[in-house]
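Going by the numbering used here, the first residue of the sequence shown is number 16, and it counts up by one from there. A virtual CB, placed ideally from N, CA and C, is assigned to each residue, including glycine. Comments concern the structure below.
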Amino acid sequence: MSRAQASIALMALLALCAFVLTALWTQWARDDLDWVQATLSLYLHGPWGLALRTAYCVLAVAIILLAWSLHVGLQSPRRSIAAPLLFGLAGLGLMGVAVGDSWLPETAPLLAPLVHGLAANTAFLCVSVAMLLQSWYLRADPHWTRWAALAWWWAWLCFVLLWLHVLWRGPPRGAGQKLVIAAVVLWLAAVALQQWRQTRRVAR
């Protein structure tokens, strides 16, 4: 199982890198949108939109697989199915954004904003709560003792940033949303890297 977990963690890392590179490239290549004002979802349409939608789906699968790997390998009395379920819902929300934004705006323009809002809110809320739960579980796992505190406080930072973005309309919407996304992706990447190191060490 350790080899499988190491492979999943590595695949998750590669998927996260692919998502970041695709998102950065899309914003650099698109000069019709202001990256400070435009949220990332606006880049799902037009040039390079298909690439970004694909990256969304790849990221969603990576989140689901990483959550399963963490759940299976966790040695904590706080271990429960709640965190992987929430991560799974977050992944489905991401896929909903990507798939819905591919054809709904043309075929059902009135329904598209509702589907997008529901899917995006599900993704953000579920992933932020799942990160808090997962970090809480990791703090009771002896293999994660040295790193879990950082994961815990970083998860809280993501949670606070998300609600600031939702409630505080002052800052530019695009930059604020991308800051939340960057913080979440960094947490996922750090956990995936730590999971890969641990399982690779055990598998030797």
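Between Val199 and Trp171, what straight-line distance do the alpha-carbon atoms span, to the nearest angstrom?
Roughly 10 Å between the two C-alpha positions.
Identify the continuous alpha helix (DSSP H) that holds Ala138 and give its terminal residues.
Segment 127 to 154, the alpha helix (DSSP H) holding Ala138.
Should Cys141 be labelled buried (16 or more other beta-carbon atoms within 10 Å of its own) or exposed?
Per the 10 Å Cβ criterion, buried.
My guess is that Val51 and Gly189 are in contact by the Cβ rule of under 8 Å, so how many angstroms apart are they, rounded?
5 Å between Cβ atoms; contact.
Under 9 Å, do Gln209 and Trp159 count as touching if we go by C-beta distance?
Yes; because the gap between Cβ atoms is below 9 Å, this pair is in contact.
Buried or exposed for Gly108, going by 16 or more other Cβ atoms inside 10 Å?
So Gly108 counts as buried.
Between which two residues does the alpha helix (DSSP H) harbouring His180 extend?
Where His180 is concerned, the enclosing alpha helix (DSSP H) stretches over 160 to 182.
Could you tell me if Thr122 is buried or exposed, where buried requires 16 or more neighbouring beta carbons within 10 angstroms of its beta carbon?
Flag for Thr122 reads exposed.
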